[in-house]
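In order, the protein sequence lines correspond to chains A and B.
Numbering that gives the first Met the number 0 puts the first sequence at residues 0 to 417.
Numbering that gives the first Met the number 0 puts the second sequence at residues 0 to 417.
The beta-carbon is built from N, C-alpha and C at its ideal position, and this holds for glycine as well.
There are 2 protein chains.
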Amino acid sequence: MDIEQYMQQVGQQARDASRAIARADSNAKNEALRTIATSIRRNSTVLLVANQKDLAAARTAGLEPAMLDRLTLSEKGIASMADGVEQIAALPDPVGEITDLKFRPSGIQVGKMRVPLGVIGIIYEARPNVTADAAALCLKSGNAAILRGGSEAIYSNRAIAALVQEGLTVAGLPANVVQVIDTIDRAAVGHLITMREFVDVIVPRGGKGLISRLLAESRVPMIQHLDGNCHVYLDNEADVDKALRIVENSKTQRYGTCNTAESLLVARSVAARLLPPVAAMLTANGVEIRGCAETRALVNEAKAASEEDYATEFLAPIISVKVVAGLDEAIEHINRYGSHHTETIVSENYTKAMRFLREVDSASVMVNASTRFADGFEYGLGAEIGISTDKIHARGPVGLEGLTSQKWIVLGNGQVRS
Amino acid sequence: MDIEQYMQQVGQQARDASRAIARADSNAKNEALRTIATSIRRNSTVLLVANQKDLAAARTAGLEPAMLDRLTLSEKGIASMADGVEQIAALPDPVGEITDLKFRPSGIQVGKMRVPLGVIGIIYEARPNVTADAAALCLKSGNAAILRGGSEAIYSNRAIAALVQEGLTVAGLPANVVQVIDTIDRAAVGHLITMREFVDVIVPRGGKGLISRLLAESRVPMIQHLDGNCHVYLDNEADVDKALRIVENSKTQRYGTCNTAESLLVARSVAARLLPPVAAMLTANGVEIRGCAETRALVNEAKAASEEDYATEFLAPIISVKVVAGLDEAIEHINRYGSHHTETIVSENYTKAMRFLREVDSASVMVNASTRFADGFEYGLGAEIGISTDKIHARGPVGLEGLTSQKWIVLGNGQVRS
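Put into structure tokens, the structure is as follows:
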């Protein structure tokens with residue numbers, strides 16, 4: 000079978016399975032999830048052996064240590080994968096929920112019903128734990144999933160997928176609700192992102208290179224996750240303690256996450272008062288400061304920031320700093336240089352806080368809170384499949400609800416239109 | 000200026016204007032809308048003269064009568080255009096609405112705020128009234144609009160756009176909130192649908208040819224409207240009176256609309272009882288019946304339906320009819336041959352009605368009501384920019400809410416993540 004035929008078959012099987020999982024009741028879905036969790040725990044040795052095969056091949060191929068790290072499954076990692084699946088089983092089922100039923104003058108009742116999207120294609124890189132995570136989220140939200148993990152993780156992914164399919168079968172659901180693309184042929188992705196008849200949404204999880212390629216070539220709608228160039232704005236009415244705490248947490252709690260702050264804006268009238276202590280705190284944390292001329296006049300250790308620095312997601316202990324006239328310039332700067340991910344204002348002023356919330360065009364906009372809160376768990380979604388920087392369908396952390404949509408339902412009693 | 004430069008300029012102007020209209024208050028937006036309505040009424044002669052120029056050119060070019068008809072503006076059409084704009088002014092403003100604010104264990108409050116999408120590109124065919132309609136919907140929902148009407152309507156569209164821009168200026172809003180692409184160069188569309196940096200969503204309003212081209216070439220997300228191959232299913236527990244009334248209204252009230260029924264499914268056990276009176280009613284209305292073998296055995300005047308007939312949106316007094324075993328086959332047939340637009344079941348059985356609602360994968364699913372109700376006005380949206388057959392973002396009639404999305408807001412008091 001050639002790769003196109005293979006992908007068409009995977010697509011058709013997913014479409015068929017999506018009908019069954021869409022109408023499956025919560026009990027069957029939860030039983031499948033709990034069975035999968037148990038069997039992941041019970042088969043940890045099988046998973047570790049499969050993972051060793053991937054790791055051996057990866058070492059032979061000379062993969063970078065960071066990549067090897069992401070590829071590695073540990074006993075602890077396997078246990079937390081199982082925990083994750085169980086947590087998803089415990090979440091409320093979003094499918095079938097009816098809201099907003101209202102009588103209309105014609106006598107019909109119109110409302111909305113939450114329904115699965117259908118078939119979700121998930122494209123990700125080396126991390127095998129995404130296989131269990133994505134499978135569980137799609138299953139719970141009533142979708143069929145086609146998973147395309149990095150070719151480096153193919154043995155691990157196959158082993159996890161086998162357990163997932165077994166769990167589905169035990170619960171009386173079609174095994175094809177979750178399929179792993181079982182080839183390392185790169186052409187598979189090209190087919191996956193253009194099979195509109197079989198795939199309803201693509202969720203890419205990976206680096207910029209992957210996303211750019213998919214953006215250019217995909218014919219299927221994407222829930223995309225681009226970079227997180229997040230900002231903290233210290234207003235002239237910022238509380239100093241909150242400012243220090245929020246900048247420190249937003250920037251230094253973790254450097255490699257998309258909700259980490261990469262840029263700091265400070266109102267001119269308080270720059271001389273706020274910047275020196277904030278800079279001292281950042282420097283003490285080992286963070287390199289790249290600032291505008293005014294920043295450098297106040298902060299000795301600051302290097303000069305280039306135009307490009309303001310548009311950069313460093314994912315490293317580096318921060319760009321700019322002194323701005325006030326709220327207007329801060330909002331303008333963020334909307335221009337930011338990536339529409341997450342921004343926070345530190346201010347005690349009600350009107351400015353409200354304007355910031357409304358006028359900053361990002362998926363998450365905060366007042367007096369760390370950007371690091373932009374996360375599905377912190378927001379109460381229970382689990383997330385990614386953080387969307389798109390504007391349509393779902394913005395920010397995407398959980399079960401983001402994997403569904405709402406259709407209209409009409410309850411009548413023989414009404415016709417006049 | 001070449002066409003690419005021109006479109007880049009239009010895009011940049013729209014992006015700038017989108018920031019202003021996103022933060023405009025309801026009063027300014029409504030003042031603009033009311034001024035536009037008044038000035039459309041006052042300038043009806045100007046609009047008629049501009050429209051005459053388009054009509055003259057269209058006649059010279061030998062356009063079809065149906066096209067000329069859609070292109071024509073009448074006194075009455077102008078008045079109803081103004082009424083439409085005023086109705087949109089009277090709708091509640093969706094922008095800024097905050098919902099679902101909840102405290103989280105960390106102490107932050109997380110909720111959602113409804114915000115405009117940004118810049119909407121609308122691509123439509125000859126009908127100049129769409130210019131006022133789309134402009135008003137985008138303006139009210141806080142979006143900037145780039146309108147690309149059919150080149151046949153360029154004089155009419157320019158004249159309407161001038162009044163819209165005047166209304167914006169009167170209300171103190173940027174005129175560029177609504178721009179009409181002022182060239183008949185077809186390359187403009189190619190640029191519009193690929194300028195991701197300036198355009199957030201494309202709304203195509205037009206025939207299948209237009210949509211297919213856009214689907215293949217667009218790099219900007221689309222709220223698309225494909226065909227409406229809508230079904231009525233007469234269950235074996237259908238009330239005969241309701242069945243007759245609903246089939247008649249769904250099929251014969253108007254033949255050219257997307258929510259018109261194109262296909263009738265009848266449960267086998269009641270086919271002999273229901274099909275003859277239903278067929279007689281349809282025939283009396285001048286509707287041609289194309290049926291399966293069982294249908295033809297019961298209905299003398301029925302022609303043979305081809306496989307293709309079941310997948311066709313006739314937009315004409317023709318209906319395809321099929322006798323099915325029952326609910327399962329009906330749902331399977333609809334999900335396979337339908338276009339995911341609107342379907343209705345006629346049944347007195349609660350369980351089957353609920354299963355139909357849940358398992359039919361369409362934007363609107365109805366029980367005991369005419370498919371003709373699938374409409375923004377009938378659903379209470381006040382106005383619609385189209386009917387989406389997409390699954391993500393918005394399904395079915397798209398009103399002001401569909402032109403917005405929700406961002407996350409976080410209200411804190413100095414919280415950081417631990």
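Buried or exposed: which applies to residue i, given that a residue is buried once 16 or more other Cβ atoms fall within 10 Å of its Cβ?
{"i": "residue 221 of chain B", "result": "buried"}
{"i": "residue 259 of chain B", "result": "buried"}
{"i": "residue 262 of chain B", "result": "buried"}
{"i": "residue 0 of chain B", "result": "exposed"}
{"i": "residue 349 of chain B", "result": "exposed"}
{"i": "residue 151 of chain A", "result": "buried"}
{"i": "residue 351 of chain A", "result": "buried"}
{"i": "residue 181 of chain B", "result": "exposed"}
{"i": "residue 414 of chain A", "result": "buried"}
{"i": "residue 50 of chain B", "result": "buried"}
{"i": "residue 361 of chain B", "result": "buried"}
{"i": "residue 203 of chain B", "result": "buried"}
{"i": "residue 145 of chain B", "result": "buried"}
{"i": "residue 99 of chain A", "result": "exposed"}
{"i": "residue 247 of chain A", "result": "buried"}
{"i": "residue 53 of chain B", "result": "buried"}
{"i": "residue 206 of chain A", "result": "exposed"}
So that I know if they touch, is there some Cβ in chain B lying closer than 8 Å to that of residue i?
{"i": "residue 207 of chain A", "result": "no"}
{"i": "residue 367 of chain A", "result": "yes"}
{"i": "residue 238 of chain A", "result": "yes"}
{"i": "residue 392 of chain A", "result": "yes"}
{"i": "residue 220 of chain A", "result": "yes"}
{"i": "residue 266 of chain A", "result": "no"}
{"i": "residue 225 of chain A", "result": "no"}
{"i": "residue 255 of chain A", "result": "no"}
{"i": "residue 424 of chain A", "result": "An answer regarding residue 424 of chain A cannot be provided, because it is not within the stretch 0 to 417 covered by chain A."}
{"i": "residue 288 of chain A", "result": "no"}
{"i": "residue 252 of chain A", "result": "yes"}
{"i": "residue 371 of chain A", "result": "yes"}
{"i": "residue 248 of chain A", "result": "yes"}
{"i": "residue 241 of chain A", "result": "yes"}
So is residue i in contact with chain A if we call contact Cβ pairs under 8 Å?
{"i": "residue 92 of chain B", "result": "no"}
{"i": "residue 378 of chain B", "result": "yes"}
{"i": "residue 414 of chain B", "result": "yes"}
{"i": "residue 192 of chain B", "result": "no"}
{"i": "residue 364 of chain B", "result": "yes"}
{"i": "residue 395 of chain B", "result": "yes"}
{"i": "residue 199 of chain B", "result": "yes"}
{"i": "residue 361 of chain B", "result": "yes"}
{"i": "residue 9 of chain B", "result": "no"}
In chain order, what are the residue ranges of uninterrupted beta strand (DSSP E) at least 3 long that sit wholly in the segment 31-118 of chain B? 97-102, 108-115
What residues in the segment 93-106 of chain B have a beta carbon less than 8 Å from any beta carbon of chain A? 95, 101, 103, 105
Taking the runs of the beta strand (DSSP E) that are 3 residues or longer, which of them lie wholly in the segment 296-340 of chain A? 317-323
For the segment 159-190 of chain A, which residues have a beta carbon sitting closer than 9 Å to at least one beta carbon of chain B? none
Counting pairs of Cβ atoms below 8 Å between the segment 4-19 of chain B and the segment 394-402 of chain A, do you hit three or more? no
Meets three-Cβ-pair contact criterion under 8 Å: the segment 356-373 of chain B and the segment 351-371 of chain A: no
When Cβ atoms are compared, which residues of the segment 347-358 of chain A fall closer than 9 Å to chain B? 352, 354, 356, 357, 358
Relative to chain A, which residues along the segment 397-412 of chain B have a C-beta separation below 9 Å, given in chain order? 404, 405, 406, 407, 408, 409, 410, 411, 412
Would you mind listing the alpha helix (DSSP H) stretches within the segment 212-259 of chain B that are 4+ residues and don't spill past its ends, in chain order? 239-251
Counting beta carbon pairs with one atom in the segment 271-279 of chain A and one in the segment 234-251 of chain A, are three or more of them shorter than 8 Å? yes
Taking contact to mean at least 3 C-beta pairs separated by less than 8 Å, is the segment 188-207 of chain B in contact with the segment 56-63 of chain B? no
Segment contact flag, the segment 163-182 of chain A with the segment 23-39 of chain A, C-beta cutoff 8 Å, min 3 pairs: yes
Could you check whether the segment 304-318 of chain B touches the segment 219-235 of chain B, counting it as contact only if at least three pairs of C-beta atoms, one from each stretch, sit closer than 8 Å? yes
If the cut-off is 7 Å on Cβ atoms, which residues from the segment 111-132 of chain B count as contacting chain A, listed in chain order? 112, 116, 117
Taking a cut of 7 Å between CB atoms, which residues from the segment 59-73 of chain A lie near chain B? none
3-residue-minimum beta strand (DSSP E) runs that sit fully inside the segment 125-205 of chain B, ordered along the chain: 143-147, 177-179, 200-204
Any C-beta of chain B within less than 9 Å: which residues of the segment 313-335 of chain A qualify? 330, 331, 334
Check whether the segment 385-394 of chain A and the segment 377-386 of chain B touch, using three or more Cβ-Cβ pairs below 8 Å as the test. no
Touch check for the segment 284-303 of chain B and the segment 332-344 of chain B: three-plus C-beta pairs under 8 Å? no
Three CB pairs or more closer than 8 Å across the segment 102-122 of chain A and the segment 152-162 of chain A: no
Do the segment 33-44 of chain A and the segment 159-170 of chain A make contact, defined as three or more Cβ pairs closer than 8 Å? yes
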